[in-house]
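Numbering (the numbering used here), first residue to last: 599 to 663.
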């Protein structure tokens, strides 16, 4: 969990408008919460249906910068 949160924190600091969607095999709720607090747009567990991924990407892209 630590590395993922650390990378997100760096990304948010260096690229504050970048939207990050985490796709992971780890479906731990606490890890997902930590990634969201660190700035991820969403945290999806695998397997993730293409329809879910498409909706999340569309929502991320639709937000104003």
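From the three backbone atoms N, C-alpha and C, an ideal C-beta is built for every residue, glycine too.
Range of the contiguous alpha helix (DSSP H) that encloses residue i
i	result
residue 649	648-660
residue 612	600-612
Spatial distance of residue i from residue j (CA atoms)
i	j	result
residue 602	residue 633	7 angstroms
residue 656	residue 618	13 angstroms
residue 636	residue 607	6 angstroms
residue 622	residue 653	17 angstroms
residue 611	residue 648	30 angstroms
Beta strand (DSSP E) segment containing residue i, residue limits
i	result
residue 634	No beta strand (DSSP E) holds residue 634; the alpha helix (DSSP H) holding it covers 627-635.
residue 622	619-622
residue 616	Run containing residue 616: none; DSSP gives neither H nor E here.
Minimum C-alpha distance to residue i - residue among the options
i	options	result
residue 659	646, 645, 640 and 644	640
residue 624	607, 650, 645 and 653	645
Sequence-distant residues of the same chain with beta carbon closer than 7 angstroms to residue i, five excluded per side
i	result
residue 615	663
residue 671	The structure shown has nothing for residue 671, since the chain only spans 599 to 663.
Contact test: residue i Cβ vs the ligand FMN heavy atom, cutoff 6 angstroms
i	result
residue 653	In the structure on display, the ligand FMN does not appear, and there are no ligands present to speak of.
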